[in-house]
Amino acid sequence: MRSGSVNYTEPGKWRPLLSLNKSVLKEGAIELWIHHAPSHFNLTEFDVILLKRSHSRYKAFKKTTYIAPRDSQRHKGLVTFTNLTDDEYKIVVRAIDPFPDQDGKCLCWVKVTQGKSCEMSCPSRSTDWFKVSHDSECFIFNQ
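Numbered according to full-length UniProt numbering, the sequence shown spans residues 1 to 143.
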C-alpha cells in the first residue's frame, strides 16, 4: 500500500509518502517505509503513531520518532513495530516542525499574498486500517 504527496514547493502542503510491507503482517510485525521530504524542506523528524482498534481509534497505542539522516542518499527510511497481537491497526505519520507558527523560522509554511504563512503543524498522512493476524493473510480496510 502506498500513499503520498508530490508537492515540492510548499512544505506546509507536503505529506510523506508511506509504503506498508504487507508480507510481515502475519508474523505480528509492521514494517513501514517513510519516504523523506525534499531536502530543501529540512523536514527530517517524523512522529509515527500506531493506533490499535481495540485500544482506541484515536489515541496512540505506540508512538516513536523517526529521524531521517541529513547526509543520507537514501530517499526513504524504515520504521518497524514488532510483537503485535491479532488486531486492526492504523499508522499516522506527521513531519515535526521544531518552530511551529514562528514567522521566519517555521519549516511548514504555505505561500500567501504577503509571502509565507506558518502552519500550526505539518500535514499528516495515515494508512487505512489493516489487520495483523498470525493465522491468516493480511487485509487492508478502506475507510
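Each residue gets a CB set at the ideal place from its N, CA and C atoms; glycine is no exception. Given the structure is predicted, the values throughout are model-derived calculations rather than measurements.
Tell me whether the beta-carbon of residue 123 lies closer than 8 Å to the beta-carbon of residue 57.
-> no
Could you check where the beta strand (DSSP E) with residue 81 kicks off and where it finishes?
-> 76-81
Reference residue 38; option with closest CA among 49, 51, 74 | 74
Tell me whether residue 143 is buried or exposed, calling it buried when 16 or more other Cβ atoms sit within 10 Å of its Cβ.
-> Because the pLDDT at residue 143 is just 36, under 50, the model does not fix this residue reliably, and the value given afterwards should be weighed accordingly. Result: exposed.
Under 8 Å by Cβ, that's how I've got residue 96 and residue 61 pegged, so tell me the actual separation to the nearest angstrom.
-> That pair is no contact at about 20 Å.
Are residue 8 and residue 34 closer than 8 Å when you measure CB to CB?
-> no
Using DSSP with H/G/I as helix, E/B as strand and the rest coil, what is residue 51?
-> strand
Beta-carbon of residue 133 versus every beta-carbon of chain D: anything under 8 Å?
-> Looking for chain D here will not work: only one protein chain is present.
Proximity winner among 85, 17, 12, 78, relative to residue 133 (alpha-carbon distances) = 85
Where does residue 132 sit, in a helix, a strand or coil, going by DSSP?
-> strand
Work out the CA separation of residue 43 and residue 223 for me, nearest whole Å.
-> Because the chain here runs from 1 to 143, residue 223 falls outside it and cannot be looked at.
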